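If you read the sequence shown in full-length UniProt numbering, its first letter stands for residue 1, the second for the next number, and so on.
Cβ atoms here follow ideal geometry from the backbone N, Cα and C, with glycine treated the same way.
All values derive from a computational prediction rather than experimental measurement.
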Amino acid sequence: MKIVIIGGGPCGLGAAWRTEEIRRQGNTNIDWTLVELSSDAGGLARTVVDEQGFLWDMGGHVIFSHYAYFTRLLDYLLPNSDDWNSKIREAWVWMRGTFIPYPLQQNLHRLPKHEIVACIEGLLENERRRSTFTKPATFADWMQQSFGRGLCDSFMRPYNFKVWAYSADKMNVEWMGERVATVNVSRIIHNVILEQDELGWGPNNTFRFPMRGGTGAIWSRLAEALPKEKFQFSKKVTKIDAAQKTLTYEDGSSESYDAIVSTMPMNCLCQIIEGTKNISRTDLLEKSKQFRYSSSHIIGFGFEGQPPAHLLTKCWMYFPEDDCPFYRATVFSNYSPYHVPKPGEQWSLMCEVAESPEKPVDSANIIAIAEQGLRNAKLIDNDTKILSRFHTRLEYGYPTPFFGRDQLCAPLFDEFEAHNIYSRGRFGTWKYEVSNQDHSMMLGVEAIDRIVFNTEELTQKYPDIVNAKRDNVGRVPFVPAQSK
Numbered sequence: 001m002k003i004v005i006i007g008g009g010p011c012g013l014g015a016a017w018r019t020e021e022i023r024r025q026g027n028t029n030i031d032w033t034l035v036e037l038s039s040d041a042g043g044l045a046r047t048v049v050d051e052q053g054f055l056w057d058m059g060g061h062v063i064f065s066h067y068a069y070f071t072r073l074l075d076y077l078l079p080n081s082d083d084w085n086s087k088i089r090e091a092w093v094w095m096r097g098t099f100i101p102y103p104l105q106q107n108l109h110r111l112p113k114h115e116i117v118a119c120i121e122g123l124l125e126n127e128r129r130r131s132t133f134t135k136p137a138t139f140a141d142w143m144q145q146s147f148g149r150g151l152c153d154s155f156m157r158p159y160n161f162k163v164w165a166y167s168a169d170k171m172n173v174e175w176m177g178e179r180v181a182t183v184n185v186s187r188i189i190h191n192v193i194l195e196q197d198e199l200g201w202g203p204n205n206t207f208r209f210p211m212r213g214g215t216g217a218i219w220s221r222l223a224e225a226l227p228k229e230k231f232q233f234s235k236k237v238t239k240i241d242a243a244q245k246t247l248t249y250e251d252g253s254s255e256s257y258d259a260i261v262s263t264m265p266m267n268c269l270c271q272i273i274e275g276t277k278n279i280s281r282t283d284l285l286e287k288s289k290q291f292r293y294s295s296s297h298i299i300g301f302g303f304e305g306q307p308p309a310h311l312l313t314k315c316w317m318y319f320p321e322d323d324c325p326f327y328r329a330t331v332f333s334n335y336s337p338y339h340v341p342k343p344g345e346q347w348s349l350m351c352e353v354a355e356s357p358e359k360p361v362d363s364a365n366i367i368a369i370a371e372q373g374l375r376n377a378k379l380i381d382n383d384t385k386i387l388s389r390f391h392t393r394l395e396y397g398y399p400t401p402f403f404g405r406d407q408l409c410a411p412l413f414d415e416f417e418a419h420n421i422y423s424r425g426r427f428g429t430w431k432y433e434v435s436n437q438d439h440s441m442m443l444g445v446e447a448i449d450r451i452v453f454n455t456e457e458l459t460q461k462y463p464d465i466v467n468a469k470r471d472n473v474g475r476v477p478f479v480p481a482q483s484k
């Protein structure tokens with residue numbers, strides 16, 4: 001059996017690792033190759049070094065695991081205690097001229113009094129009307145029913161438009177799971193009266209981060225641990241003939257396959273497949289136009305000195321207001337002192353800006369606009385010396401959980417898998433709810449197990465079950481793919 005893996009991000013590398021692991025355990029009838037469009041591995045989880053020596057991840061990634069398999073692999077790849085930096089999450093919201101602990105709804109006492117009143121009135125109005133609510137059809141419906149008019153006006157609507165770059169009425173409700181903090185009205189009122197902060201909500205209130213090399217260190221190590229001759233970099237797939245089971249590449253070469261694990265965006269996969277039985281090529285091309293996604297602008301600033309006192313322990317911050325273009329900023333130097341070329345003498349901030357047809361971005365001037373946003377949000381001042389300015393645009397940043405997504409994707413999955421083509425990964429599955437690094441890698445691992453052993457894919461099929469789990473096994477010996 002020959003398996004072709006398209007894409008060298010976490011999902012593709014997970015598929016490669018699992019296939020090699022099965023081979024090394026004695027199943028030598030399986031062969032694999034991995035083709036990657038860029039010149040190295042890592043995908044959206046790679047880390048780059050700018051001309052001044054500052055490190056930048058391709059987004060605000062943190063390491064959090066729902067799977068013992070994933071945790072054990074991390075410990076195999078980065079086995080030493082000084083390979084990791086353990087962090088307690090500090091997430092904040094900047095609005096109304098102050099920092100408010102996240103989630104906002106648990107810390108309303110920091111808002112202006114008239115806004116506190118509006119938020120509580122909205123929550124109480126919801127409680128009175130709850131028996132009349134119907135099942136929410138869109139994310140906008142869910143927000144209104146969960147948070148009420150006041151909180152939606154103050155935070156939920158403006159922030160979610162900045163982060164998704166699409167209005168909430170065009171998004172579904174299936175994606176949320178553990179991603180959005182819900183409300184406890186009595187606790188909210190309790191915190192307001194006592195002017196009491198509540199910290200630490202969320203699935204990743206503690207996390208660890210590679211001490212050296214950024215997030216990309218994990219995936220470059222994983223690529224290095226696999227046979228080099230199995231990788232084909234700078235290789236673009238231009239056609240898949242599902243009937244003949246052949247791939248064609250941009251350089252004119254081609255090869256046959258028995259199964260494919262594709263991590264390219266699903267809309268792109270629809271554009272290059274032909275020879276399917278139940279969905280015509282014309283229909284596939286039409287369906288490819290219905291997908292929605294946002295692009296990401298990653299903007300990094302390297303500074304001289306140390307962070308100001310109010311940023312010394314913060315991890316990331318959310319920005320719902322229009323005085324800055326970014327929806328999130330990460331104090332990236334707080335994740336590791338080695339993210340700057342001169343540890344102890346420099347620090348860094350990484351900002352993220354979302355773009356879509358509904359939310360265009362002035363790409364040519366985004367660095368200057370973001371820099372002014374840092375000053376508006378009091379993250380830096382006019383005396384802060386900027387040593388580095390970095391910007392890159394990722395065409396595919398986040399898959400939008402658009403309304404009708406599952407109805408569009410389900411028949412495509414069925415058709416592709418009938419031809420032994422498995423579309424997986426952040427954009428291959430198009431499920432934001434399982435698009436973290438651990439999810440993405442395990443989507444690749446589980447796809448290989450399904451291909452070889454016909455086992456169930458939990459992450460692909462049951463996101464709610466997977467996200468309800470935590471890795472309670474953790475650091476136990478791992479048998480690497482290189483040894484039998």
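**Asked** Under three-state DSSP, which class holds V261?
**Response** In this structure, V261 counts as strand in the three-state DSSP scheme.
**Request:** Name the one or two DSSP bridge partners that Y293 has.
**Result:** As DSSP reads the structure, Y293 sits in a beta bridge with P399.
**Asked** Under the three-state reduction of DSSP, which class applies to L285: helix, strand or coil?
**Response** Correct three-state label for L285: helix.
**Item:** Helix, strand or coil at E355 [DSSP, three-state]
**Value:** The answer is strand: DSSP assigns E355 an E or B state.
**Of the listed residues F416, D322, L312, nearest to residue 485 (C-alpha basis)** = It is not possible to answer for residue 485, since the shown part of the chain is limited to 1 through 484.
**Prompt:** Using the beta-carbon count (16 or more within 10 Å), is F133 buried or exposed?
**Reply:** With fewer than 16 other Cβ atoms within 10 Å, it is exposed.
**Prompt:** Just to confirm, are F326 and E355 a CB contact at a threshold of 8 Å?
**Reply:** It is not a contact, given that the beta carbons lie outside the stated cut-off.
**Message:** Extract the residue ranges of the alpha helix (DSSP H) inside the region 360 to 426, only unbroken runs of 4 or more that lie entirely within it.
**Reply:** The region 360 to 426 contains, as complete alpha helix (DSSP H) runs of 4+ residues, the segments 366 to 376, 405 to 418 (chain order).
**Item:** Distance between G150 and A217 (C-alpha atoms, nearest Å)
**Value:** Whole-angstrom Cα-Cα distance: 43 Å.
**Asked** Relative to the alpha-carbon of C152, which residue among G43, F233, G122, R128 has its alpha-carbon at the smallest distance?
**Response** If we check each option's Cα against that of C152, G122 comes out closest.
**Request:** Compute the beta-carbon to beta-carbon distance between S388 and F301, rounded to the nearest angstrom, for a pair I have assumed lies under 8 Å.
**Result:** Confirmed, about 7 Å.
**Request:** Run through the region 82 to 107 for me and flag every whole beta strand (DSSP E) of 3 or more residues, listed as ranges in chain order.
**Result:** As far as the region 82 to 107 is concerned, its whole beta strand (DSSP E) runs of at least 3 residues are 84 to 88, 91 to 95, 98 to 101.
**Item:** Contact set for Q144: own chain, Cβ-Cβ below 7 Å, skip 5 residues either direction
**Value:** By the criterion of a C-beta distance shorter than 7 Å, Q144 is surrounded in its chain by C152, once the five residues flanking it on both sides are discounted.
**Item:** Nearest-angstrom Cα separation, counted from Y462 out to V173
**Value:** A direct Cα-to-Cα measurement between V173 and Y462 gives close to 15 Å.
**Message:** So, with DSSP's three-state summary, where would you put I462?
**Reply:** According to the sequence as given, residue 462 is Tyr; it is not Ile. Look at Y462 here: in three-state DSSP terms it is coil, with no helix or strand label.
**Message:** Excluding the 5 residues flanking T138 on each side, which residues of the same chain have their C-beta closer than 8 Å to its C-beta?
**Reply:** If we look at T138 and ignore the five residues flanking it on each side, its Cβ neighbours are A168, D169, K170, M171, N172, V173, F403.
**Between the CA atoms of G9 and R208 - distance to the nearest angstrom** = For R208 and G9, the distance between alpha carbons rounds to 20 Å.
**Request:** To the nearest angstrom, report how far apart T384 and T28 are at their CA atoms.
**Result:** Distance between the alpha carbons of T384 and T28: 59 Å.
**Message:** Pull the bridge partners of E274 from the DSSP assignment, please.
**Reply:** In the DSSP output, where bridge partners are listed per residue, E274 has D241.
**Prompt:** Which residue spans inside the region 50 to 87 form an unbroken alpha helix (DSSP H) run of at least 4?
**Reply:** Correct list: 68 to 77.
**Prompt:** Near T206, what residues of its chain come up, given a Cβ to Cβ distance below 8 Å and the 5 sequence neighbours on each side ignored?
**Reply:** Beyond the five residues adjoining it in sequence on each side, T206 comes within less than 8 Å, by CB distance, of S86, K87, I88, R89 in the same chain, given in chain order.
**Asked** Is C119 near the ligand FAD, judged by its Cβ being under 7 Å from some heavy atom?
**Response** In terms of ligand content, the structure shown is empty, and the ligand FAD therefore cannot be addressed.
**Asked** Are the beta-carbon atoms of T263 and G428 separated by less than 8 Å?
**Response** Yes, they are a contact pair.
**Item:** Buried versus exposed, by CB contacts within 10 Å (16 or more), D57
**Value:** Answer is buried; the Cβ neighbour count reaches 16.
**Item:** Delimiting residues of the beta strand (DSSP E) encompassing P210
**Value:** Start and end: 206 to 210.
**Request:** Assuming I386 and F303 form a contact by the criterion Cβ under 8 Å, report the distance between their Cβ atoms to the nearest whole angstrom.
**Result:** So it is a contact: roughly 6 Å between Cβ atoms.
**Message:** Looking at the strands, I want to know which residues DSSP matches up with W316.
**Reply:** BP columns for W316 point to A91, T330.
**Request:** Would you tell me roughly how many angstroms separate the C-alpha atoms of S408 and I272, rounded to the nearest one?
**Result:** In the sequence under discussion, the amino acid at residue 408 is Leu, which differs from the Ser named in the question. Going from the Cα of L408 to the Cα of I272 covers about 18 Å.
**Request:** Pull up the distance between the alpha-carbon of A16 and that of F416, whole angstroms please.
**Result:** One C-alpha to the other measures close to 20 Å.
**Message:** Under 8 Å: do the region 153 to 161 and the region 183 to 196 share three or more Cβ pairs, one atom per stretch?
**Reply:** No: the two stretches stay apart, fewer than three of their Cβ pairs being nearer than 8 Å.
**Exposure of G26, with buried meaning 16 or more beta-carbon neighbours within 10 Å** = Flag for G26 reads exposed.
**Message:** Looking only at its chain, what residues have a beta carbon closer than 7 Å to the beta carbon of P337, apart from the 5 residues adjacent to it on each side?
**Reply:** Excluding residues within five positions, the ones whose Cβ falls inside 7 Å are P343, G344.
**Item:** For M350, the residue or residues it bridges with in DSSP
**Value:** Partner(s): G300, T330.
**Request:** Just grab the DSSP bridge partners of E195 for me.
**Result:** Bridge pairing for E195: absent [DSSP].
**Item:** Coarse secondary structure for W175, derived from DSSP in three states
**Value:** Here W175 sits in coil by DSSP.
**Prompt:** What are the boundary residues of the beta strand (DSSP E) that includes D31?
**Reply:** Unbroken beta strand (DSSP E) run through D31: 31 to 35.
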